Amino acid sequence: KKRIVSGVQPTGTIHLGNYLGAIKNWIPLQNSYDTFFFIVDLHAITLPYDTQQLSRATKDTAAIYLASGVDTSKASVFVQSHVRAHVELMWLLSSATPIGWLNRMIQFKEKSRKAGDENVGVALLTYPVLMASDILLYQSDFVPVGEDQKQHLELTRELAERVNYLFGGRKWKKLGGRGGAIFKVPEPLIPPAGARVMSLTDGLSKMSKSAPSDQSRINLLDPKDVIANKIKRCKTDSFSGLEFDNPDRPECHNLLSIYQVITDRTKQEVAHECQDLSWGTFKPLLTEALIAHLHPIQVRHNEIMADPAYLDRVLAEGARKAADIADVTLNNLYQAMGFLRR
Ligand code: ATP
Ligand code: MG
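Here this note's numbering is used: the first residue of the sequence shown is -6, the next is one more, and so on.
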């Protein structure tokens, strides 16, 4: 079976962008792939954060995976920091990562500009190396991500090729390795719709957990009235009718796209249904569709959170399965890099 890994940071509450860009797409993949879905808590400390919230957000995120349909009889669900190999591999990979590659990363530039110098730690810069470890440890074939992670995934691919070239050559073969193939080079899996959900208050920036205003996003666990209120107050325009793909109407494109994926319809169907609607007619339709989709997930989430022992079991089992695979890759690389092994 081909392998898939993906994860979300427990940096705040999971929002519609994370759900439509990542989690929702994992569900059908579980049937035909060997899947690993993790909560990337080590990534969550790359900007100042609340230590009181981290473990709660980690559990919440895991519970959202399960509530959204991740099936633990098929997929491994675990917490990144429970599998030590992630951090260890990161150090080894760091030695093969040119700083210039990291300086080019758009997310680093954006996040560091917003955070201010004082708050930018080295880890914000080296974040993509940890992400590469997350993926390469499992010899993943595909990585389902939103558009915003495309550049990081490209770096992961380049890094895998570089390490294969530097350490996977003939020298390693003599030591019994599979020359040239320390890491599998993974492919991104970007959903055709929902890959880039935009902010409710600005159709030109992506919906984000770390954006300061809660009004800018629909959180997966937002109660009905909060969803209704956010949609009521979200940014629109004064054109008549509704349409996709008009560059002067980014908010309109975004809201129609959300409506399309959440109701499981084609773009054509939605374009046709909505072409003559006013905002006043469309907004309640969108609100209803969101509530209908999210409510059952919220109910299951509450049930899962009410049984902490169950969640602990799932995460322990997931970490065990993940560590078994991760350790093999890590040990191969130590060997290929010439370390004295115990
Ligand atoms: P942060 O602001 O802390 O970086 P985030 O909202 O970007 O949070 P991540 O945990 O970084 O969320 O990303 C988790 C997954 O969700 C990734 O696969 C990412 O591509 C996807 N994702 C994040 N934001 C969006 C979005 N607005 N639209 C579609 N996919 C998204
Ligand atoms: Mg992000």
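Ideal placement from N, C-alpha and C gives every residue a C-beta, glycine not left out. Quick caveat: nothing in here was measured; it's all calculated off a predicted structure.
Report the partner residues of residue i according to the DSSP bridge assignment.
i: residue 182; result: 137
i: residue 212; result: 8
i: residue 191; result: 199
Measuring CB to CB, does residue i end up less than 8 angstroms from residue j?
i: residue 213; j: residue 287; result: yes
i: residue 150; j: residue 184; result: no
i: residue 132; j: residue 68; result: no
i: residue 267; j: residue 308; result: no
i: residue 203; j: residue 5; result: yes
i: residue 224; j: residue 280; result: yes
i: residue 282; j: residue 318; result: no
i: residue 139; j: residue 97; result: no
i: residue 191; j: residue 247; result: yes
i: residue 55; j: residue 20; result: no
i: residue 228; j: residue 244; result: yes
i: residue -5; j: residue 304; result: no
i: residue 60; j: residue 294; result: yes
i: residue 95; j: residue 104; result: no
i: residue 208; j: residue 226; result: yes
i: residue 76; j: residue 30; result: no
i: residue 331; j: residue 71; result: no
i: residue 130; j: residue 323; result: yes
i: residue 199; j: residue 141; result: yes
i: residue 134; j: residue 107; result: no
Looking only at its own chain, which residues have a Cβ that is under 8 angstroms from the Cβ of residue i, when we skip the five neighbours before and after it?
i: residue 35; result: 73, 74, 79, 80 and 123
i: residue 174; result: 157 and 161
i: residue 128; result: -2, 136, 146, 149 and 179
i: residue 112; result: 40 and 41
i: residue 47; result: 3, 34, 37 and 38
i: residue 99; result: 144
i: residue 366; result: The question about residue 366 has no answer, for the chain in this structure spans -6 to 335.
i: residue 201; result: 8, 10, 192, 209 and 210
i: residue 302; result: none
Could you give the residue range of the alpha helix (DSSP H) that holds residue i?
i: residue 204; result: No alpha helix (DSSP H) contains residue 204, which DSSP labels as neither H nor E.
i: residue 105; result: 99 to 108
i: residue 27; result: It is not in any alpha helix (DSSP H) - residue 27 instead sits in the beta strand (DSSP E) that spans 27 to 32.
i: residue 243; result: 243 to 255
i: residue 80; result: 78 to 87
i: residue 147; result: 143 to 160
i: residue 277; result: 272 to 298
i: residue 124; result: 115 to 129
i: residue 328; result: 301 to 329
Does ligand 2 have a heavy atom nearer than 7 angstroms to the CB of residue i?
i: residue 141; result: yes
Under DSSP, the beta strand (DSSP E) around residue i begins and ends at which residues?
i: residue -4; result: -4 to 1
i: residue 69; result: 68 to 72
Less than 7 angstroms between C-beta atoms, sequence neighbours within five positions excluded: which residues of the same chain meet that for residue i?
i: residue 126; result: 79, 82, 83 and 86
i: residue 155; result: 89
i: residue 284; result: 217 and 220
i: residue 249; result: 235, 237, 263 and 267
i: residue 119; result: 87 and 95
i: residue 15; result: -1, 1, 137, 138 and 139
i: residue 49; result: none
For residue i, is the beta carbon positioned less than 7 angstroms from some heavy atom of ligand 1?
i: residue 189; result: yes
i: residue 13; result: yes
i: residue 2; result: yes
i: residue 200; result: yes
i: residue -1; result: yes
i: residue 8; result: yes
i: residue 138; result: yes
i: residue 203; result: yes
Excluding sequence positions up to five away, which residues of its chain have a Cβ less than 6 angstroms from the Cβ of residue i?
i: residue 9; result: 190 and 211
i: residue 65; result: 307
i: residue 276; result: 224
i: residue 12; result: 213
i: residue 93; result: none
With a threshold of 8 angstroms between beta carbons, is residue i in contact with chain D?
i: residue 282; result: Annotation note: the requested chain D is absent from the structure, which comprises a single protein chain.
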